[in-house]
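Before any comments, here is the structure.
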Amino acid sequence: MTYTGDQRISLILSGISVTTEAELSMLNKGSHHCGAALISPVWILSAAHCVAAHDKRKLSLLGGVTSLWDSSAQVRQIVEVVKHDMFDKLDYDIALLKVYPPFQLNENIYPIRLPETGVELGEGATVTVTDWGATSENGSATSNLRRVDLTVITPQQCEESLSPIGIHEETMLCTWFPGGGKDACQGDSGGPLVHDNVLVGVVSWGIGCARVGNAGVFTKVSHFRDWIFHYSGV
1 MTYTGDQRIS LILSGISVTT EAELSMLNKG SHHCGAALIS PVWILSAAHC VAAHDKRKLS
61 LLGGVTSLWD SSAQVRQIVE VVKHDMFDKL DYDIALLKVY PPFQLNENIY PIRLPETGVE
121 LGEGATVTVT DWGATSENGS ATSNLRRVDL TVITPQQCEE SLSPIGIHEE TMLCTWFPGG
181 GKDACQGDSG GPLVHDNVLV GVVSWGIGCA RVGNAGVFTK VSHFRDWIFH YSGV
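Residue 206 in the UniProt record's numbering is what sits at position 206 of the sequence shown, and the numbering runs on without skipping anything.
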């Protein structure tokens with residue numbers, strides 16, 4: 001989730017293999033493009049920048065597996081895209097995707113819980129990000145799902161680390177790994193940030209990937225809880 005000018009890059013560094021049943025891969029013409037999180041059999045949450053410049057007819061979602069090459073994966077076509085109408089490249093970076101037919105839920109694929117409106121995570125909370133993104137800055141994506149644990153930081157710490165780029169505290173959540181080397185960043189955009197099995201964030205943007213002292217920025221799901229319900233009923 002690197003942001004340099006108009007470029008976005010996303011990856012997971014120093015990740016370990018993981019199983020997560022709500023994690024989906026967004027495919028663009030059959031190749032991994034972004035992450036996403038299943039919130040119902042037909043509704044998926046991701047980042048608006050993952051879909052803003054793409055034809056939904058070329059996008060699909062893959063789930064139920066930890067390897068992109070697993071033939072047992074369920075693949076669904078995206079039939080509707082709802083981007084937040086205030087999305088402006090960095091802020092309000094959230095989108096709902098509807099698929100048809102619905103995903104068939106089983107022990108390998110089922111929806112993640114959503115937070116209550118306005119719930120805030122305190123400084124120092126441990127959160128987990130997962131995806132199939134690259135495992136080194138400017139590296140290639142991995143075919144196996146990976147995870148990394150990160151630490152929530154204050155908005156003030158976040159702004160200091162990203163200066164001169166500011167953040168919108170109401171809509172953004174920031175994390176870092178103090179020693180660097182761990183982050184979400186190429187191919188991870190749109191993927192879930194999880195705390196206690198609740199979807200608290202969506203991978204959005206950052207400066208570089210896993211650089212010491214630089215925060216990663218996530219869309220704060222609790223701020224958009226009413227918006228999600230309005231469009232999806234979830």
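Yeah, the Cβ is synthetic: ideal placement off N, Cα and C, and Gly gets one too.
In this text the structure is predicted, and so the values were computed from the model without any measurement.
Which partner residues of residue i appear in the DSSP bridge assignment?
| i | result |
| --- | --- |
| Q74 | G63 |
| I112 | DSSP output for I112 lists no bridge partner at all. |
| L38 | I44 |
| E80 | K98 |
With DSSP run on the structure shown, which of helix, strand or coil describes residue i?
| i | result |
| --- | --- |
| T154 | coil |
| W132 | coil |
| Q186 | Bear in mind that a pLDDT of 49 at Q186, under 50, signals an unreliable position, so the model cannot answer this. |
| E169 | coil |
| G181 | Because the pLDDT of G181 is 48, which lies under 50, any placement of that residue in the model is unreliable, and the number read from its coordinates should be weighed accordingly. Coil, per DSSP. |
| W227 | helix |
| A125 | coil |
| S31 | strand |
| residue 245 | Absent from the model: residue 245. The displayed extent of the chain is 1 to 234, so no value can be given. |
| S204 | strand |
| K58 | helix |
| V148 | strand |
If you count every other CB in all the chains shown that lies within 10 Å of the CB of residue i, and 16 or more means buried, which is it?
| i | result |
| --- | --- |
| G181 | With a pLDDT of 48 at G181, under the threshold of 50, the predicted position of this residue should be treated as unreliable, and no value is reported. |
| T130 | buried |
| D196 | exposed |
| R146 | buried |
Looking at residue i: is its Cβ nearer than 8 Å to the Cβ of residue j?
| i | j | result |
| --- | --- | --- |
| V81 | L97 | yes |
| G190 | V221 | no |
| L59 | L27 | yes |
So which of the options has the shortest CA-CA distance to residue i?
| i | options | result |
| --- | --- | --- |
| A215 | V203, D226, E170 and S222 | V203 |
| D70 | S25, P192 and D226 | S25 |
| W132 | H54, P192 and S161 | P192 |
| A36 | P111, W176 and H230 | P111 |
| G166 | P102, R225, R113 and L90 | L90 |
Report whether the distance from the Cβ of residue i to the nearest heavy atom of the ligand GTP is below 7 Å.
| i | result |
| --- | --- |
| V234 | In the structure on display, the ligand GTP does not appear, and there are no ligands present to speak of. |
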